[in-house]
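Scroll down for the structure; my scribbles are underneath it.
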Amino acid sequence: MTANIDINVEKAEKNLLDGRRLNLKWIALFVALGLTVPFLFDGYTVFQATMVVIYAIAILGLNLLTGFNGQFSLGHSAFYAIGAYTAAVLVNQLDFPVYVTIPLGGVVCFVAGFLFGLPALRLEGLYLALATFALAVAVPQILKSSHLEGLTGGVQGLDLFRPSVPEFIPLNMDQWWYLIAFGIMLLLFWGAWNLINSRSGRAMMAIRDNPIAARSMGINTSLYKSLTFGVSAFYTGIAGALGAIIVEFVAPDSFTFQLSILLFIGLVVGGTGTIWGAVFGGMFILLVPNFAEQISTGLSYAVFGVILILVIYVMPSGFAGLVNLLLSRLRKLR
Amino acid sequence: MDLFLQQILTGLANGSIYACLALAVVMIYQAIDHFNFAQGEMAMFSTYICWTMISVGVPYWLAFFLTIAISFAGGVAIERLIFKPIHNAPVLSHIIVFIGLLAIFNSMAGAIWDHTIKTFPSPFPDGSFQGLIGMHEVGMFFVTLIMLACIFCFFRYTRIGMAMQAAAANPESAELVGIRVSWMLALGWGLAAAIGAVAGMMIAPIVFLDPNMMLGILLYGFAAAIVGGISNPGGAVAGGFLVGIIENLAGTYLPAIGSELKLTVALVLIVTVLLFKPNGLFGKSIVTRV
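Sequence order for the protein chains is A and B. Per our numbering, the first sequence starts with residue 1, numbered consecutively. Per our numbering, the second sequence starts with residue 335, numbered consecutively.
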C-alpha cells in the first residue's frame, strides 16, 4: 500500500516537472531558426521580423500580468509609449548613448507600472481593465499637450538615430539590430521562465487562481500584484524603447488605444498563460494585417475582431495551447 | 458670471450624453457583471445607420425611431448569438469578445462609410437660448431627460421591467418564479444598445460623425458610471451630469487643462473615485463571501 502511494507521488512529481522542464531540443531549434532569419531575407523582411520580436516582448509582458497573475490591462499601449518616449527623449534631447536607453526605458516603465498598480490593487479585475483603458485613451493626448511640447515634440514627435554597426562586425544595420532585439528577447524570455518557476511565480499564479485563498496562505497579494504590474510594464517598456530605436521616430498617434488592442489580440491568439505563445502572437499581429489588407483594405481590424471571437470559441488556450495539444496527441500515437 | 452659467449649462448638456452612455453601461453591468467596452462603437454604428437613412431622404424623427428599433434588435442579436454561448466563461473571455466587437464595429464603419468626417443634422432649430447655450444642447438635454423618465417608468411600473430587475438581482430565484432569465439578459442588451444609439445620434451634431468619435465619449460614460456608482442606474445618471459639469469647469478655469487635456480629466476622475470611494457616490458596497 505504501509502495503504491510512493509510486503515485513519484508519478505526480514527474508530471509536474515535465510541464516545467525546459525542452532543450525545441529551444535549440527555435534559436537556430531565429538566428538564420537575418541572413536569409531582404532588409524589409528583416525589419518586419524585428518588429515581431519587439511585439513578442511586449506581449510577454502583458501575459505575465494577465496570463499568470489574472489582472487585466487594456492600457499597455501607454507603457509601450512611455518606453518609446524615454528612449527618444534621452537620445534626442540629452544625447544618451542609444544602447543605454533600452534598459532605462524598461526601468522608467517599471516605476510607472508599479505606481499605477498601487491604486489599482484595490480594484478587482474589471475596474483595473477600466482604469487602464482610461490610461490608454488619455496618453496620446497627454503626449500632444503643449505643456510637454518642449520635451516630447508635441504632435510632430521626435526623431532619434541609431548608431551604425561596430566596424569589426560584418553585418548591415537591419541584421545587427535584429540580432540585438532577438538577444534581448531571449534574455527576457529566460527571465520570465525563471520568474514563473520561482516562489514568486507560484505566488502570482495562486493569486490568479484564488485571491482569497492565496491571501489566507500568507501571500502578500497587494505587493505581488503591484510588482507584477511593474514587471509587466518593464517588459513592455523595453519593447517600446526598442521599437522607437528600430523605427527611429516616435509620435503620439503611434500609441493610441489601437496599439493596446493589438497587443491584447496577440496575447489571446498566442495563448494566455504560456511564455512561447508571445512569439506566435507577435507574428500574428504583424502578418495578419498584411493578408487582411489584400482581401479588403481597411478591414484588418474587423478580421482581427472575428478571429478574436473565434479563438474564444474554438481554441481558448490560443495558438500555444493548440500546439501543445497536437504534440501530446502525437506522443500518444507513438 | 455669464461664462460660469454658460459652462454649467453646456456641462449639463454634455453630461446628459454621458448619462445616457453610463446608463447603457450600468444596464449591461447589472445583467452580466461586465463593462461593455464596445458600447461606444455600437452607438457609433447606430448613428451611421441613422445618417444613411437621413441621407436617402427619410424624415429625421422617423429615422431616429427606426434606428432605435434596429439598435434594439441588434443588441438582442449580439447577446443571443455571441454572448449566450460563453455565459459561464471567465471574465477574460468576455473582455476579449468586447474588444473583438469594438474592433469589428470600428473597422466595419470605416470600410462601409469611409473615414471622412461627416456632418450630422440636428432636429432642433438653430440659434441659442438666451444667448447662453445652443438650441441643440437644450434639445439634447430634454431628449435625454424624457428617455430617462421612460426607462424609470419601464423598470418601476411594468411587469417586464420588474422581471428584468429580478433577473439581474438574483438569477436563480427569478428562474424559479418563472422568469426567463436568459431572455431578460438579451432584453438588457437590446435596451443598452438602444440607449447608446440615442446618445450617439444626439452627440453626433456636436462632435461630427466619424468612426472614432465615441472613444473619448465612452471614457466619460465610464467615468460617469464610476462616479455615480456602477450598481445604481440613478446614480450613474447623476454621475453623468456631474462629470459633464466638472469637465467643462476644469476646461475653462484650470489653464493647465484647457481643451487639450480633457481626456486626462476623465482618467484622473476614474482613478480618484476608485481609490477613495470604489463604490461611487451613490453605490452600495459589495461584500465578498468566501
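C-beta atoms are modelled at their ideal positions from N, C-alpha and C, and glycine is treated no differently.
- Report the rounded CA-to-CA distance for residue 18 of chain A versus residue 328 of chain A, giving the unit in angstroms. Because residue 18 of chain A carries a pLDDT of 42, less than 50, the predicted location of this residue cannot be relied on, and the following value inherits that uncertainty. In a straight line, the C-alpha of residue 18 of chain A is about 12 Å away from that of residue 328 of chain A.
- Supposed close pair residue 357 of chain B, residue 571 of chain B - CB separation, criterion 8 Å: Indeed, because the Cβ distance is near 6 Å, the residues count as touching under 8 Å.
- Query: If you check the beta carbons only, do residue 312 of chain A and residue 516 of chain B fall under 7 Å apart?
  - Reply: The answer is no: Cβ separation not under 7 Å.
- As assigned by DSSP and simplified to three states, the class of residue 159 of chain A: If DSSP states are grouped into helix, strand and coil, residue 159 of chain A belongs with the strands.
- Considering only residues of the same chain and omitting the five flanking positions on each side of residue 416 of chain B, which have a CB-CB separation below 8 Å? Only 431, 435 meet the Cβ criterion.
- Excluding five sequence neighbours on each side, which residues of the same chain lie with their C-beta closer than 6 Å to the C-beta of residue 609 of chain B? There are no such residues.
- Would you say the beta carbon of residue 231 of chain A comes nearer than 6 Å to a heavy atom of the ligand GDP? The model on display carries no ligand, and the ligand GDP is accordingly not part of it.
- Message: Can you pull the chain D neighbours of residue 144 of chain A, defined as C-beta to C-beta under 8 Å?
- Response: Absent from the structure is chain D; the protein chains it does hold are A and B.
- Message: Output needed for residue 162 of chain A: all residues of its chain with C-beta closer than 7 Å, excluding positions within five of it in sequence on either side, in chain order.
- Response: Closer than 7 Å at Cβ, skipping near neighbours: 98, 177, 245, 248.
- Task: Could you check the C-alpha separation between residue 483 of chain B and residue 92 of chain A for me, to the nearest Å?
- Result: One C-alpha to the other measures close to 57 Å.
- Query: When the cut-off is 7 Å and only beta carbons count, does residue 211 of chain A lie next to chain B?
  - Reply: Closer than 7 Å: no.
- Query: Is it a yes or a no for the stretch 344-356 of chain B touching the stretch 575-586 of chain B, going by three-plus beta-carbon pairs under 8 Å?
  - Reply: The stretch 344-356 of chain B makes contact with the stretch 575-586 of chain B, as at least three CB pairs between them are under 8 Å.
- Query: Contact check, residue 277 of chain A vs residue 320 of chain A under 8 Å by CB: the rounded distance?
  - Reply: So it is a contact: roughly 3 Å between Cβ atoms.
- Let me know the alpha helix (DSSP H) ranges lying completely inside the stretch 72-144 of chain A, each 4 residues or longer, listed in chain order. Entirely contained in the stretch 72-144 of chain A, the alpha helix (DSSP H) runs reaching 4 residues are, in chain order, 76-94, 98-120, 125-144.
- Any chain B beta carbon closer than 7 Å to residue 259 of chain A: No, residue 259 of chain A lies away from the interface with chain B (no Cβ there is under 7 Å from its Cβ).
- Task: Return yes when the Cβ of residue 266 of chain A is within less than 7 Å of the Cβ of residue 80 of chain A, no when it is not.
- Result: Not a contact, by the Cβ cut-off of 7 Å.
- Item | Distance, residue 308 of chain A Cα to residue 48 of chain A Cα | Between the C-alpha atoms of residue 48 of chain A and residue 308 of chain A there is a straight-line separation of about 23 Å.
- Quick one: list the residues of chain A neighbouring residue 601 of chain B, beta-carbon separation under 7 Å, in chain order. Near residue 601 of chain B (Cβ distances below 7 Å), the residues of chain A are 134, 135, 138.
- Where in the stretch 239-302 of chain A do unbroken runs of the alpha helix (DSSP H), each at least 4 residues long, occur, reported from the N-terminal end onward? Restricting attention to alpha helix (DSSP H) runs no shorter than 4 residues, the stretch 239-302 of chain A encloses them at 257-270, 277-295, ordered along the chain.
- Identify whether residue 611 of chain B lies in helix, strand or coil by the three-state DSSP scheme. In the displayed model, residue 611 of chain B falls within coil according to three-state DSSP, outside both helix and strand.
- Message: Please tell me whether residue 264 of chain A has its Cβ less than 7 Å away from any Cβ of chain B.
- Response: Taking Cβ atoms only, chain B reaches closer than 7 Å to residue 264 of chain A, which makes this a yes.
- Whole-angstrom distance between residue 509 of chain B and residue 45 of chain A, CA atom to CA atom: The C-alpha of residue 509 of chain B is placed about 58 Å away from the C-alpha of residue 45 of chain A.
- Task: Give every residue of the same chain whose Cβ lies closer than 6 Å to the Cβ of residue 550 of chain B, excluding the five residues on either side of it in the sequence, and list them in chain order.
- Result: For residue 550 of chain B, the CB contacts under 6 Å within the same chain, skipping 5 residues up- and downstream, are 597 in chain order.
- Query: Which class does residue 463 of chain B belong to by DSSP, given the choice of helix, strand or coil?
  - Reply: Look at residue 463 of chain B here: in three-state DSSP terms it is strand.
- Cα separation between residue 213 of chain A and residue 586 of chain B? Our two residues, residue 213 of chain A and residue 586 of chain B, have alpha carbons roughly 49 Å apart in a direct line.
- Message: Which residues of the stretch 429-448 of chain B have a Cβ closer than 9 Å to any Cβ of chain A? Give them in chain order.
- Response: The stretch 429-448 of chain B vs chain A, Cβ under 9 Å: 429, 430, 431, 433, 434, 435, 436, 437, 438, 439, 440, 441, 442, 444, 445, 448.
- Query: From the DSSP output, which residues share a beta bridge with residue 468 of chain B?
  - Reply: Residue 468 of chain B pairs with B:462.
- Task: Using the Cα positions of residue 87 of chain A and residue 158 of chain A, report the straight-line distance between them to the nearest angstrom.
- Result: Their Cα atoms are separated by approximately 10 Å.
- Item | N-terminal and C-terminal residue of the alpha helix (DSSP H) that residue 331 of chain A is part of | Unbroken alpha helix (DSSP H) run through residue 331 of chain A: 318-333.
- Message: Checking the sheet assignment: what are the DSSP bridge partners for residue 543 of chain B?
- Response: Looking at the DSSP output, residue 543 of chain B bridges to B:452.
- Message: What does the Cβ neighbour count give for residue 166 of chain A, buried or exposed, with the cut at 16 atoms within 10 Å?
- Response: Around the Cβ of residue 166 of chain A, a 10 Å sphere holds fewer than 16 other Cβ atoms; the residue is exposed.
- What number of angstroms, rounded off, separates the C-alpha of residue 15 of chain A from the C-alpha of residue 189 of chain A? Low local confidence applies: a pLDDT of 40 at residue 15 of chain A is under 50, so the model's placement there is unreliable, and no value is given.
- Item | residue 597 of chain B at chain A interface by Cβ criterion, 7 Å | At least one chain A Cβ lies under 7 Å of residue 597 of chain B.
- Query: Looking only at its own chain, which residues have a Cβ that is under 6 Å from the Cβ of residue 420 of chain B, when we skip the five neighbours before and after it?
  - Reply: Only 427 meet the Cβ criterion.
- Buried/exposed call for residue 174 of chain A, threshold 16 Cβ in 10 Å: Counting of Cβ neighbours within 10 angstroms places residue 174 of chain A among the buried residues, the total reaching 16 or more.
- Query: Can you tell me whether residue 39 of chain A is buried or exposed, with buried defined as 16 or more other CB within 10 angstroms of its CB?
  - Reply: Under the 10 Å beta carbon count, residue 39 of chain A is surrounded by fewer than 16 other beta carbons and is classified as exposed.
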